[in-house]
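The next block holds one structure in the form of structure tokens; read it before the comments.
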Amino acid sequence: MTFAATDALPLLRPPHFDMLGGRDGVTRLVDAFYRQMDTRADALGIRAMHEPDLASTKAVLVLYLCEWLGGPKAYSAERGHPRLRMRHAGFAIGVAERNAWLACMSAALEEVGAPPPLQQELMAAFFKTADWMRNTAT
Ligand code: HEM
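At position 15 of the sequence shown the residue is numbered 26 (our numbering), and the sequence of numbers has no breaks.
So this is what it looks like as structure tokens:
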């Protein structure tokens, strides 16, 4: 059997988790993400949904993203199925909130120096998840 050169590419590419620098890289990304949320005017509304002290929120997002990016499955082990839509049901999330979340993540990916193709791929995936979290009419 012969393979075209492109067939092997997905196998050669490391998991997203490794491309972002493993757990340390994901921790830097989450720190940058919440720093953005703490400082951007367009994120004031979603920042107010969070506790003043972000330490435990950051720790959970690190676990979640490590697993989602193909790293260790500690989130599921500790917290079970993510059920993200259900866990966000208590917060009013519309287009503005979705866009603010995505703007923080996009700036954070840029800040940690993620390669542009990886940024684009991850932002497309984040868009789908964030859009699915919307629970208001606007
Ligand atoms: C669309 C806009 C979004 C808003 C406004 C939002 C807001 C929030 C808030 C207020 C919390 C609670 C934090 C806490 O209790 O400490 C939370 C938890 C969380 N969010 Fe979001 N979020 C959004 C999108 C997303 C997306 C796209 C993801 C994943 C890619 C995500 C992943 C998580 C996770 C993993 C948790 C913790 C869940 C748990 O308790 O196990 N969120 N979010």
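Positions of the beta carbon are idealized from the N, C-alpha and C atoms, including for glycine.
Is it true that the CB of residue j sits closer than 7 Å to the CB of residue i?
| i | j | result |
| --- | --- | --- |
| Leu74 | Ala66 | no |
| Ala148 | Leu113 | no |
| Met60 | His99 | no |
| Ala28 | Gly82 | In the sequence as presented, Ala is not what sits at residue 28; that position holds Phe. Yes. |
| Met30 | Leu129 | yes |
| Ala43 | Ala119 | yes |
Please report the residue range of the alpha helix (DSSP H) in which residue i lies.
| i | result |
| --- | --- |
| Ala148 | No alpha helix (DSSP H) holds Ala148; DSSP gives it neither H nor E. |
| Leu120 | Val106 to Glu122 |
| Phe28 | His27 to Met30 |
Nearest CA to the CA of residue i: which residue from the options?
| i | options | result |
| --- | --- | --- |
| Arg109 | Met48, Leu129 and Arg39 | Met48 |
| Arg58 | Ala111, His92 and Asp35 | Ala111 |
| Trp26 | Gly56, Trp79 and Val71 | Looking at the sequence provided, one finds Pro at residue 26 rather than Trp. Pro26 has its Cα closest to that of Trp79, out of Gly56, Trp79 and Val71. |
| Tyr45 | Gly33, Arg24, Thr68 and Asn146 | Thr68 |
By how many angstroms is the C-alpha of residue j removed from the C-alpha of residue i?
| i | j | result |
| --- | --- | --- |
| Val123 | Arg39 | 7 Å |
| Leu76 | Val37 | 7 Å |
| Ala41 | Asp35 | The sequence shown places Val at residue 41, rather than the Ala named in the question. Using only the alpha carbons, I get a separation of about 10 Å. |
| Gln131 | Val106 | 20 Å |
| Ala135 | Pro126 | 14 Å |
| Thr50 | Leu95 | 25 Å |
| Leu72 | Gly101 | 18 Å |
| Met116 | Glu62 | 19 Å |
| Met12 | Glu89 | Confidence at Met12 is low in this model, with a pLDDT of 46, below 50, so its placement is unreliable and no value can be given for it. |
| Ala52 | Asn146 | 22 Å |
| Gly32 | Ala70 | 17 Å |
| Glu121 | Gly91 | 31 Å |
| Arg24 | Pro93 | 26 Å |
| Gly56 | Ser87 | 29 Å |
Length-filtered (4 minimum) alpha helix (DSSP H) runs lying within the region 37-100: 55-58, 66-79, 85-90 and 95-98
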